[in-house]
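Asker:
Residue numbers (my numbering), protein chains in the order written: chain A, 55 to 502; chain B, 55 to 502.
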């Protein structure tokens, strides 16, 4: 058992237990950083040297349960993110956190804290860490994986999680209920299908900008051999490089294999249109983050100009209000939610409902630290209880840093295996937290 | 001289001096909070109990100059904002900060820090504090008020400050240059007019939600007697209250006096349209922040529905990319920039140029801690060198907390008097910084 140093005095309790009473008595946030920039893992046109990091939160209750959550960053500034999570301790410590919808809204709309966003950036990501840790805790108490816990909830309870503020011109509570009720028949069959076949994944591992062509070719071959049905390449730094790398990937994968491209916000509207045009002959499956994640009208203009190549975005979209507009404007054909940027599970339930309302498939962003571990639950919940469909949907998969998690994702035949263990998958090994803590952990001390 | 405790070992040097060489050697950020929630000053429909606060930055150079800047918050979380400012020290300490355009872009686009936004929230506001402090420093070195320093710069140098990333579908460098060159003739005459007559102000002081009708009536009378040509009322908490307060204000001020209303993001799109409809008989001069500052399409829908009542927004707009869209969508008739939310002077120059391109008047947000002291420089620069016009333009004025500033704004006959002293106006009295520092300052210690 590696979990002796952090976080608790004893091994955490295991569910299922009844609903209470209990209190959250401990709230500890760790600044954890992995020196990934050494290997150019994760390098893209805007983030050439990420050190994948997390402001990692451990909650503990007076009856011995724990809950884990985190905000994901890529290095510098993770101490600011950690301070932001710590600022939320007063909203949680001493509480039982039974009404997660209300508690989430209390943090999001705090009359003083909201000035720091509102609903965006460091403070919103901090709320994500707390809300997700509370869900992790609840699922552990229930003795169920989160996707199943959510997927078994009555539609009325699911809708109570949603903050409809700023959404009602696109999605009302009544419409959300209707979507969830329409998906109620067949929930059990979809749970069974997930347990048998899992949820399809695609892999970004071949396509980081820092890799040479030989490595790209080898990783493409490995991805196909592993059963992935889609890959993704980073683009946007140099057009001729992108054309050469797309040609290598297309030659390696074959004419019909889905190859998405991802510009990570590199372009202005006009340059996006021109650049995607110059890649069109390689038939990208989608073009991801062509420009600023704030630019709804820009995405819409690009989508019109590059059609039929679909546009995808979402990992940096700040909140449900921006997603609402991307859908209203017809700006995206794929919605890429992120588990740890918006205000956690609650806001992602809202986003899944918005996507279902507009008929846009959700293909979550993952990678980084632990994002794969989290988003699989959201997509599986979507399949069971919201959209009811896996058609045209894949979850991103990146083979980084899973070894630090107590319940790492399992990929089989190119699909995420449905998690069986209780929780939201966010728990890191205590030894990893200790070793990679910044700046005091042994990994950082040994680097000077 | 009250500035003995903070920040420097000696009184700061005074300009004008030549361009260098010098280095920034000291970077200190203070968590300063004023307990304004006691008096309901600043109360609105979303922020009923603000404690006006600042993450207040003091820079010092090796030749004895100082520069001051801040991020404004309303209380809780100001420690997170302070940590974010401190995270930027490595970009400034040891530098000469002569190329402020490049240094600003270096912070905004830092390949790791940008993940915390990008370009929004706590981290972006921190960049604002640093960039504004560097401008304050430069203006002090030059021995000029910032508005005049900027207003005398050649168009090419002004354009070099602008980050055109994500703007070029609406404003190119060539177009920006054209706007600035068109305003070059007449700069001197406009400087003279500002020095003689100042820049018109409007006041929000009568209209805070927490005030009763008698206080509202008295403050309306005082505002008119003081020469203000517009007031603003907070609305959005209770429709019948709003109608009663608008009636009081309209009766007190007369049929034709401009009375704006401000909902501080309280409404969804449909409720905004209905609520503004119910206030239409009182003929609001504009309706401000009717909904989420992120909702470009929502603002556009509201603007279409409530016309001819104009829509205004901006104090919570995260960056130039969102302002660009508000203008492209025809969503706003008044643009209300904020001095300390976007990435400082540099990004506000971009926003002024965007507004000029679209022919939308800029009426800055102010109030809080020191925002009046800052924005007056931006509006005066706009008048001298960008739009060249004061038509239909007013700067917000709120009579709060000016006593803590070394160079407080001066209002005469309802107008801002053009600042004559060097700098950007951000310097607080050292005694105020000490007394209101949180949690150790005497004001907070005495409150337990």
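Heads up, the beta-carbon is just placed ideally off N, CA and C, and yes, glycines get one too.
How would you label residue 147 of chain A, buried or exposed, when you count the other beta carbons within 10 angstroms and need 16 or more for buried?
Answerer: Classification of residue 147 of chain A: exposed, given that the 10 Å Cβ count is below 16.
Asker: Going by DSSP, what residue range makes up the beta strand (DSSP E) through residue 87 of chain B?
Answerer: Note, residue 87 of chain B: beta strand (DSSP E), 78–87.
Asker: Assuming contact is defined by CB atoms lying nearer than 9 Å, are residue 198 of chain B and residue 75 of chain B in contact in what I supplied?
Answerer: Contact: no.
Asker: In chain A, what lies closer than 7 Å to residue 259 of chain B by C-beta?
Answerer: Those do not exist, as residue 259 of chain B stays about 20 Å from chain A at its closest Cβ, beyond 7 Å.
Asker: So the alpha helix (DSSP H) residue 387 of chain B belongs to, where does it begin and stop?
Answerer: That residue, residue 387 of chain B, is in no alpha helix (DSSP H); it is neither H nor E in DSSP.
Asker: Note down the Cα distance separating residue 377 of chain B from residue 223 of chain B, rounded to an integer number of angstroms.
Answerer: About 13 Å.
Asker: Taking only three categories from DSSP, how would you classify residue 296 of chain A?
Answerer: Residue state, collapsed to three classes: helix.
Asker: Closer than 9 Å, Cβ to Cβ, to anything on chain A: give me those residues from the stretch 342–365 of chain B, in chain order.
Answerer: Cβ contacts with chain A: 345, 346, 347, 348, 349, 350, 351, 352 and 355.
Asker: Terminal residues of the continuous beta strand (DSSP E) containing residue 123 of chain B?
Answerer: 120–127 is the extent of the beta strand (DSSP E) around residue 123 of chain B.
Asker: I need the straight-line Cα distance from residue 330 of chain B to residue 393 of chain B, nearest angstrom please.
Answerer: Going by the C-alpha atoms only, they are around 28 Å apart.
Asker: Taking residue 321 of chain B as the reference, give the member of B/345, B/408, B/299 and B/92 with the closest Cα.
Answerer: Minimum Cα distance to residue 321 of chain B is reached at B/345.
Asker: Does the Cβ-Cβ distance between residue 252 of chain A and residue 461 of chain A come in under 9 Å?
Answerer: Cβ distance not < 9 Å, so residue 252 of chain A and residue 461 of chain A don't count as in contact.
Asker: Contact defined as beta carbons within less than 8 Å: I believe residue 255 of chain B pairs with residue 469 of chain B. What is the distance between those atoms, to the nearest angstrom?
Answerer: Indeed they touch by this definition, with Cβ atoms about 6 Å apart.
Asker: Residue 209 of chain B lies in the alpha helix (DSSP H); which residues open and close that run?
Answerer: Segment 209–214, the alpha helix (DSSP H) holding residue 209 of chain B.
Asker: Excluding five sequence neighbours on each side, which residues of the same chain lie with their C-beta closer than 6 Å to the C-beta of residue 498 of chain B?
Answerer: Counting only Cβ-Cβ distances below 6 Å, and skipping sequence neighbours, we find 492.
Asker: Using a 10 Å radius around the Cβ and a threshold of 16 neighbouring Cβ atoms, would you call residue 500 of chain B buried or exposed?
Answerer: The residue in question, residue 500 of chain B, is exposed, as its Cβ has fewer than 16 Cβ neighbours within 10 Å.
Asker: Would residue 333 of chain B and residue 291 of chain B be called neighbours here (beta carbons separated by less than 9 Å)?
Answerer: The answer is no: Cβ separation not under 9 Å.
Asker: So for residue 233 of chain B, helix, strand or coil by DSSP?
Answerer: Looking at residue 233 of chain B - three-state DSSP - the assignment turns out to be helix.
Asker: For the 8 Å Cβ check, are there 3 or more pairs between the stretch 474–482 of chain A and the stretch 414–429 of chain A?
Answerer: Contact between the stretch 474–482 of chain A and the stretch 414–429 of chain A is present, because at least three Cβ pairs lie under 8 Å.
Asker: Quick one: give me the first and last residue of the alpha helix (DSSP H) that residue 182 of chain A is part of.
Answerer: Where residue 182 of chain A is concerned, the enclosing alpha helix (DSSP H) stretches over 175–196.
Asker: Per the contact definition of three or more C-beta pairs closer than 8 Å, is the stretch 110–125 of chain B in contact with the stretch 116–129 of chain A?
Answerer: The answer is no - the stretch 110–125 of chain B does not touch the stretch 116–129 of chain A, with fewer than three Cβ pairs under 8 Å.
Asker: Go through its chain and collect everything with a Cβ distance to residue 66 of chain B's Cβ below 7 Å, but skip five positions before and after it.
Answerer: Counting only Cβ-Cβ distances below 7 Å, and skipping sequence neighbours, we find 118, 119 and 120.
Asker: On the DSSP bridge list, what partners appear for residue 114 of chain B?
Answerer: Per DSSP, B/80 and B/120.
Asker: Just checking: is the beta-carbon of residue 286 of chain A within a distance shorter than 9 Å of some beta-carbon in chain B?
Answerer: Residue 286 of chain A does not count as touching chain B.
Asker: What are the start and end residues of the beta strand (DSSP E) that includes residue 287 of chain B?
Answerer: First-last of the beta strand (DSSP E) with residue 287 of chain B: 285–288.
Asker: Pairs of beta-carbons, one from the stretch 71–91 of chain A and one from the stretch 148–157 of chain B, closer than 8 Å: are there three or more?
Answerer: Counting Cβ pairs under 8 Å, fewer than three are found: no touch.
Asker: Check each candidate in A/129, A/72 and A/109 and name the one with the smallest Cα separation from residue 90 of chain A.
Answerer: If we check each option's Cα against that of residue 90 of chain A, A/129 comes out closest.
Asker: For residue 225 of chain B, I'd like the list of residues in its chain whose CB is within less than 7 Å of its CB, leaving aside the five on either flank, ordered along the chain.
Answerer: Result list for residue 225 of chain B: 407, 408 and 411, in chain order.
Asker: Using the rule of at least 16 other Cβ atoms within 10 Å of the residue's Cβ for burial, across every protein chain shown, is residue 186 of chain A buried or exposed?
Answerer: That one is buried.
Asker: What does residue 178 of chain A reach in chain B if we use C-beta pairs closer than 8 Å?
Answerer: 175, listed in chain order.
Asker: DSSP beta-bridge partners for residue 459 of chain A?
Answerer: The partner list for residue 459 of chain A (beta bridge, DSSP) reads A/482.
Asker: Given this structure, state the Cα-to-Cα distance separating residue 163 of chain B from residue 171 of chain B, to the nearest angstrom.
Answerer: The alpha-carbon atoms of residue 163 of chain B and residue 171 of chain B are separated by roughly 10 Å.
Asker: From residue 489 of chain B to residue 281 of chain B, what does the alpha carbon distance come to, in whole angstroms?
Answerer: Going by the C-alpha atoms only, they are around 34 Å apart.
Asker: Anything in chain A within Cβ reach of residue 372 of chain B, meaning under 7 Å, just list it in chain order.
Answerer: Correct list: 174 and 348.
Asker: Looking at residue 432 of chain A: is its Cβ nearer than 9 Å to the Cβ of residue 415 of chain A?
Answerer: The answer is no: Cβ separation not under 9 Å.
Asker: Going straight from the alpha carbon of residue 209 of chain B to that of residue 98 of chain B, what length do you get?
Answerer: In a straight line, the C-alpha of residue 209 of chain B is about 40 Å away from that of residue 98 of chain B.
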